[in-house]
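Presented below is the structure to which this report refers.
In my numbering, the protein residues as written are 10 to 480.
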């Protein structure tokens, strides 16, 4: 009984759905049910819609449109076409936006200029203007990435510059942050804010903005002259960093453009230069036998500059403090005896006579770089020269070189010391060392150790000059 009632309700629902569909169709297409079943037939003239002639299309029963006869005349295109764009002119609003971006670009605000250029590129521009703005946008993006490498804490404003003279004889330059009745706070060039009481301070000399700018311009000119006849892209980039830190923004654009023109990968080259300074300190400590300091420099090099080639050079070394690697020792090769039944016994060495002299040690191969100026002999101890004049120059150069490395180490690691002052002391020491080594090379020009030491002293001198902030 229940099953029959359920089936009856289902049939009733299906019939109701069909009846509803037929009724809707009749409302949209006036006509009798017979016309609907038999197909589309001509309707009375009063029931025809505009444009409907009531004729059935030719062909099969499907209502498909016929292809118009090809009489050579093209059909009329009634589609609405967009207004053609005049590519010879650009939107004046976008041109004004580009000019604002160029002003920011010349002022050293490359991030703001990049945003302006990208906004202009999204609008209607002529082909020439678009190519120009795309080039400016690419340069702005590149320069913005280079500027972002500068720590904002290292940027010193040109206002409130002062020189503090301490009672103990110290002289510190920086920016006067706070000045109270019994203390002052000075932000040094390294970014550290130092607090001095009135008892420690002898006097404070404040500088006007015009005096600071004049001094910075003079220092900038000195750095430009000191780059040499063939400066590299890194030299121009370091000079641009100096201008960024001292807010000489009008010079940054030209310096970065020259740096990128000389070396497109200038940021990588600058990283290699900084990594080489740490690597030279590492080599210095290795030569002196200071294992702890050498290990500290090795770890610093790998942590700060992991992508540099100098980090890869020292990355394979295993330090004393490193845990031993779980490496299984190689198994001894198994050589089965030729006669498995009667294996040969191990030969027994005859007892040696205690009076017999020991065997000669194996010969040591000669250093391929000794005496011909080739190979890396930087880690070899300084040789003794037969010429007393050469030996005197070398001793003087070694003394100055060692003093320069000590000052260079302090400029990196000692936070309490005056880093700029230590860097300048190292620069002067390396200058003296280069002069002494050059005098020795003029007499003995074929010695490999001497030529390599002269090269190292010259490189350290250039690095110290690049890192110098005050001349």
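Glycine residues also receive a C-beta, built at the ideal position from the N, C-alpha and C atoms.
Span separating the alpha-carbon of residue i from that of residue j
i, j, result
"residue 435", "residue 412", "7 angstroms"
"residue 102", "residue 315", "47 angstroms"
"residue 318", "residue 431", "27 angstroms"
"residue 100", "residue 106", "10 angstroms"
"residue 144", "residue 223", "34 angstroms"
"residue 408", "residue 415", "11 angstroms"
"residue 185", "residue 206", "14 angstroms"
"residue 2", "residue 191", "Because the chain here runs from 10 to 480, residue 2 falls outside it and cannot be looked at."
"residue 462", "residue 444", "12 angstroms"
"residue 313", "residue 284", "8 angstroms"
"residue 173", "residue 212", "6 angstroms"
"residue 6", "residue 33", "Residue 6 is absent from the model: the chain starts at 10 and stops at 480."
"residue 305", "residue 410", "21 angstroms"
"residue 226", "residue 429", "19 angstroms"
"residue 294", "residue 147", "44 angstroms"
"residue 218", "residue 460", "47 angstroms"
"residue 399", "residue 442", "13 angstroms"
"residue 449", "residue 438", "17 angstroms"
"residue 271", "residue 433", "28 angstroms"
"residue 292", "residue 303", "7 angstroms"
"residue 472", "residue 287", "11 angstroms"
"residue 177", "residue 446", "37 angstroms"
"residue 187", "residue 301", "41 angstroms"
"residue 208", "residue 179", "14 angstroms"
"residue 239", "residue 189", "49 angstroms"
"residue 307", "residue 220", "43 angstroms"
"residue 17", "residue 30", "20 angstroms"
"residue 157", "residue 419", "27 angstroms"
"residue 11", "residue 22", "17 angstroms"
"residue 112", "residue 299", "54 angstroms"
"residue 374", "residue 237", "Per-residue confidence for residue 374 stands at a pLDDT of 40, beneath the threshold of 50, marking its modelled position as unreliable; the derived number appears in the next sentence. Using only the alpha carbons, I get a separation of about 42 angstroms."
"residue 406", "residue 210", "39 angstroms"
"residue 25", "residue 13", "18 angstroms"
Residues of its chain near residue i, where Cβ-Cβ distance is below 8 angstroms and the 5 sequence neighbours each way are ignored
i, result
"residue 249", "155, 260, 261, 264, 265 and 268"
"residue 181", "172, 173, 175, 195, 197, 203 and 427"
"residue 311", "320, 323 and 324"
"residue 130", "139, 142, 143 and 146"
Close Cβ partners of residue i (< 7 angstroms) along its chain, the five nearest in sequence each way excluded
i, result
"residue 474", "235 and 436"
"residue 159", "250, 253 and 254"
"residue 470", "436, 439, 440 and 443"
"residue 128", "106"
"residue 114", "122, 145, 149 and 262"
Closest Cα partner of residue i within the set the options
i, options, result
"residue 241", "183, 24 and 275", "275"
"residue 290", "465, 18 and 29", "465"
"residue 171", "187, 405, 309 and 215", "215"
"residue 281", "305, 26, 468 and 449", "468"
"residue 126", "227, 142, 403 and 134", "142"
"residue 110", "133, 98 and 150", "150"
"residue 277", "301, 420, 243 and 300", "243"
"residue 132", "114, 440, 98 and 115", "98"
"residue 421", "309, 405 and 401", "309"
"residue 134", "24, 104 and 25", "104"
"residue 452", "470, 228 and 401", "401"
Cut-off 6 angstroms between Cβ atoms - residues of its own chain near residue i, not counting five sequence neighbours on either side
i, result
"residue 153", "119, 120 and 123"
"residue 417", "435"
"residue 403", "449"
"residue 183", "195, 196 and 197"
"residue 28", "none"
"residue 245", "264, 267 and 268"
"residue 193", "205"
beta-carbon residue i near the ligand HEM non-hydrogen atom, thresh 8 angstroms
i, result
"residue 144", "Because no ligand of any kind appears in the structure shown, any question about the ligand HEM cannot be addressed here."
For this session: Please specify which runs of the alpha helix (DSSP H), each continuous and at least 4 residues long, are wholly inside the region 411-471, giving them in chain order.
Result: Here the runs fully enclosed are 428-452.
For this session: Write down every uninterrupted run of the beta strand (DSSP E) in the region 156-207 whose length is 3 residues or greater and which is fully enclosed by it, in chain order.
Result: 170-175, 180-188, 192-197 and 202-206
For this session: Spell out a yes or no on whether the region 164-171 and the region 242-257 are touching, meaning 3 or more CB-CB pairs, one atom from each, closer than 8 angstroms.
Result: yes
Exercise. Using 8 angstroms as the threshold, is the region 132-144 in touch with the region 231-238, meaning 3 or more CB pairs across them?
Worked result: no
Exercise. Between the region 392-405 and the region 450-462, do at least 3 Cβ pairs fall closer than 8 angstroms?
Worked result: yes
Problem set entry | Every unbroken alpha helix (DSSP H) within the region 198-280, with a cutoff of 4 residues, ordered by chain | If we require 4 residues or more, the alpha helix (DSSP H) runs fully inside the region 198-280 come out as 218-234, 242-254 and 261-271.
For this session: Would you mind listing the alpha helix (DSSP H) stretches within the region 277-322 that are 4+ residues and don't spill past its ends, in chain order?
Result: Correct list: 300-313.
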